[in-house]
Amino acid sequence: METAMNPLETFSSHAGQWEGSNRLHDPNTHQAEDSPMEASLMPILGGKFLRLDYTWGYQGTPQEGFILFGVEPRIKEISLYWGDTWHMGNQILVCKGKAASSREICVTGSYAAPPGPDWGWRIVLKADGSLVTLHMYNITPEGQEAIAVEALLEKMQ
Numbered sequence: 000m001e002t003a004m005n006p007l008e009t010f011s012s013h014a015g016q017w018e019g020s021n022r023l024h025d026p027n028t029h030q031a032e033d034s035p036m037e038a039s040l041m042p043i044l045g046g047k048f049l050r051l052d053y054t055w056g057y058q059g060t061p062q063e064g065f066i067l068f069g070v071e072p073r074i075k076e077i078s079l080y081w082g083d084t085w086h087m088g089n090q091i092l093v094c095k096g097k098a099a100s101s102r103e104i105c106v107t108g109s110y111a112a113p114p115g116p117d118w119g120w121r122i123v124l125k126a127d128g129s130l131v132t133l134h135m136y137n138i139t140p141e142g143q144e145a146i147a148v149e150a151l152l153e154k155m156q
């Protein structure tokens, strides 16, 4: 059983340069689109937050994004902010969640999908030894989830 419940500490210990693969489950073509991915994971603001900057590609066009998160240790609440040139345009998605493990964060947010109701988005970031995985899920207004992004990163030497 884990005693440490602050994923910020775990992910900070994984700071550095990462590389791997990104798979987008393209909602436009209904096909999987694979591309190389590079990322930089770093603690910022005196270690109170962690930032993941990453690059990937969509049909040969470079894309980039970031994830910024912090943990309120008293209540184990995670605040996460996500921006991505392909997914988010000029907006930032705000997500919240609870720390259930020191190696994994799971947060949810929502975004407008006019003219219908808002949709949900779930982000799961996991550190497992020399690997970091990032999964993102689109959530219909009815609560059905579908995988949107699968990324696997290995630490560069």
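Residues 0 to 156 in numbering that gives the first Met the number 0 are what the sequence shown lists, from first letter to last. Every residue, glycine too, gets a C-beta built ideally from N, C-alpha and C. These numbers were taken from a predicted model, which means no experiment stands behind them.
Task: Neighbour-count burial assignment, His86, 16 or more Cβ in a 10 Å radius - done: Looking up residue 86 in the sequence shown gives position 87. With 16 or more Cβ atoms within 10 Å of its Cβ, His86 is classed as buried.
TODO: Determine, using beta carbons only, whether Met36 and Ser20 come nearer to each other than 8 Å.
DONE: Reading the sequence shown from its first residue, position 37 is the one you call residue 36. Reading the sequence shown from its first residue, position 21 is the one you call residue 20. Result yes, Cβ atoms of Met36 and Ser20 sit closer than 8 Å.
- [ ] Can you grab the Cα-Cα spacing for the pair Gly69 / Glu18, in whole Å?
- [x] Counted from its first residue, the sequence shown places residue 69 at position 70. Counted from its first residue, the sequence shown places residue 18 at position 19. Rounded to the nearest angstrom, the two C-alpha atoms are 23 Å apart.
- [ ] Tell me, please, which residues DSSP counts as bridged to Asn21.
- [x] Locating residue 21 in the sequence shown gives position 22, counting from the first residue. Note: Asn21 sits in a beta bridge opposite Ser34, Ala150.
Open item on the list: Considering only their Cβ atoms, is the gap separating Ile77 from Lys47 smaller than 8 Å?
Closed with: Reading the sequence shown from its first residue, position 48 is the one you call residue 47. Reading the sequence shown from its first residue, position 78 is the one you call residue 77. At the C-beta level, Lys47 and Ile77 stay beyond 8 Å of one another.
Task: Beta-carbon spacing of Ile104, Gly119 below 8 Å - done: Within the sequence shown, residue 104 is the residue found at index 105, counting from 1. Within the sequence shown, residue 119 is the residue found at index 120, counting from 1. Taking 8 Å as the Cβ cut-off, Ile104 and Gly119 do not qualify as a contacting pair.
Task: the ligand SAM heavy atom lying under 7 Å from the CB of Ala14 - done: Summarising the ligand content, the structure contains no ligands, and the ligand SAM is consequently not present.
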